[in-house]
Structures are given as structure tokens and as C-alpha cells.
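Working notes, beginning with the structure itself.
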Amino acid sequence: MPMTHYMELLAQNQPWNLILFMAIPVILAETVAITELFILLLRSRGGWLRALNRLASILAGVYFLGVFAYLLPNVVVPLTLTGQWRGMIDMIAVGFYLSGAIPLAGLALLDLGVLARSSPEERKLFLHALLVAAFLVLSHVAMIFGMMNPYLIDQDAAHMPTEHMINH
Numbered sequence: 605m606p607m608t609h610y611m612e613l614l615a616q617n618q619p620w621n622l623i624l625f626m627a628i629p630v631i632l633a634e635t636v637a638i639t640e641l642f643i644l645l646l647r648s649r650g651g652w653l654r655a656l657n658r659l660a661s662i663l664a665g666v667y668f669l670g671v672f673a674y675l676l677p678n679v680v681v682p683l684t685l686t687g688q689w690r691g692m693i694d695m696i697a698v699g700f701y702l703s704g705a706i707p708l709a710g711l712a713l714l715d716l717g718v719l720a721r722s723s724p725e726e727r728k729l730f731l732h733a734l735l736v737a738a739f740l741v742l743s744h745v746a747m748i749f750g751m752m753n754p755y756l757i758d759q760d761a762a763h764m765p766t767e768h769m770i771n772h
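Per the working numbering, residue 605 is the first one in the sequence shown, and the count goes up by one each step.
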């Protein structure tokens, strides 16, 4: 079955691409999400749980900005310039994956004290939870579309010459 570029990226260079582009960001984001639930439930404003959440948020934001900075010029721009996208599903999968950099960068900026610096603690908790939720939605949309046959919607793209279906 044909793969999206998202899934192809994860499948190549095993296990390194899977670790670099999926495992590390997901482990950091899931650490943030899980600790976020306990912080909200317990209204914890300090302690080791909040420190772990803050560290994971900052690391996830910085790390994923690096992933974004690498993939945009090395994958997205070449695919766009050469017309090698495998249809709309392919573009949605990659686009939603990369757009996860926005909420993760927001989390890092929030926990570094750059964003919402003078806001009350309740407002920061709300914004933090909102950014975590946004990342989870974006990443799950990317995963769902990434696992689909990229030609399911755009049947015409499936008839492109095979030289357009090279590995990236």
C-alpha cells in the first residue's frame, strides 16, 4: 500500500527516524499531558510534578522547533517545489505534524516566563492546558492521516509516474 511522506519518514532509517521524529516528541508531550492532568486535579503550583511538567514542556518545545527547522527546508520545500506530494491526505498529515510546533513552542515560552508573564496563575494553567490539548489534537490528526493511503481522496495523484514517488 502506498504511504504518506509522514509514514515513510518514520519507516526509513529504522529505528532512528522513528525515535527522532516520533518517540522523543511523543514521550515529552505525553509526559506534559499526564502531569498536566495531575497538576490541574491537585491544583499543584510547585513540587516535583510541576518541575517535571515544566522541564518536559520546555524540552518538547525546543526539540520540536528543531524538528520543524530540519523538516521544512529538507522535506516540505523540496516536495512542494518538485510537485511530489501524494495528494491532499499526504499534505494534511505532514502539515498537521509540523503545526504541532506552534503549541509546543507556546508551552516552552509559557514555562520560560516569556509568554503570559504577568498573567495570574489560573490564567497560565488554563493557557498551558489549552496548548497541551491543541498539540494532542494536531498530532492525532497527523497520525490518522499519516496512516491512510495518500491516494484515497486524490485518485489522480496515484497515476503519477513512479519517478515522483522517490524516498525522501
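Heads up, the beta-carbon is just placed ideally off N, CA and C, and yes, glycines get one too.
All values reported here derive from a predicted model rather than from experimental measurement.
Considering Cα atoms alone, identify which of the options is closest to residue i.
i, options, result
"residue 626", "750, 758, 755, 643", "750"
"residue 659", "735, 673, 715, 638", "715"
"residue 648", "737, 731, 726, 752", "726"
"residue 729", "613, 616, 612, 661", "661"
"residue 667", "713, 686, 731, 612", "713"
Assuming the contact rule is C-beta atoms closer than 8 Å, residue i and residue j should be a hit. Round their C-beta distance to whole Å, please.
i, j, result
"residue 691", "residue 757", "6 Å"
"residue 671", "residue 629", "7 Å"
"residue 609", "residue 698", "6 Å"
"residue 664", "residue 735", "Actually they do not touch by this definition, with Cβ atoms about 10 Å apart."
"residue 733", "residue 644", "6 Å"
Pull up the distance between the alpha-carbon of residue i and that of residue j, whole angstroms please.
i, j, result
"residue 657", "residue 701", "22 Å"
"residue 636", "residue 620", "23 Å"
"residue 695", "residue 709", "22 Å"
"residue 631", "residue 721", "27 Å"
"residue 669", "residue 740", "16 Å"
"residue 689", "residue 755", "10 Å"
"residue 653", "residue 745", "28 Å"
"residue 618", "residue 646", "40 Å"
"residue 723", "residue 607", "45 Å"
"residue 611", "residue 679", "13 Å"
"residue 717", "residue 737", "20 Å"
"residue 731", "residue 719", "10 Å"
Can you tell me whether residue i is buried or exposed? The criterion is at least 16 other CB atoms within 10 Å of its CB, across all chains shown.
i, result
"residue 642", "exposed"
"residue 633", "buried"
"residue 674", "exposed"
"residue 623", "exposed"
"residue 639", "buried"
"residue 651", "exposed"
"residue 742", "buried"
"residue 704", "buried"
"residue 752", "buried"
"residue 614", "buried"
request  = Mind listing, in chain order, the continuous alpha helix (DSSP H) runs of no fewer than 4 residues lying wholly within the region 700 to 724?
outcome  = As far as the region 700 to 724 is concerned, its whole alpha helix (DSSP H) runs of at least 4 residues are 705 to 715.
ask   = Mind pulling the alpha helix (DSSP H) runs of 4 or more residues that sit fully within the region 605 to 688?
value = You should have 609 to 615, 628 to 646, 651 to 675, 681 to 685.
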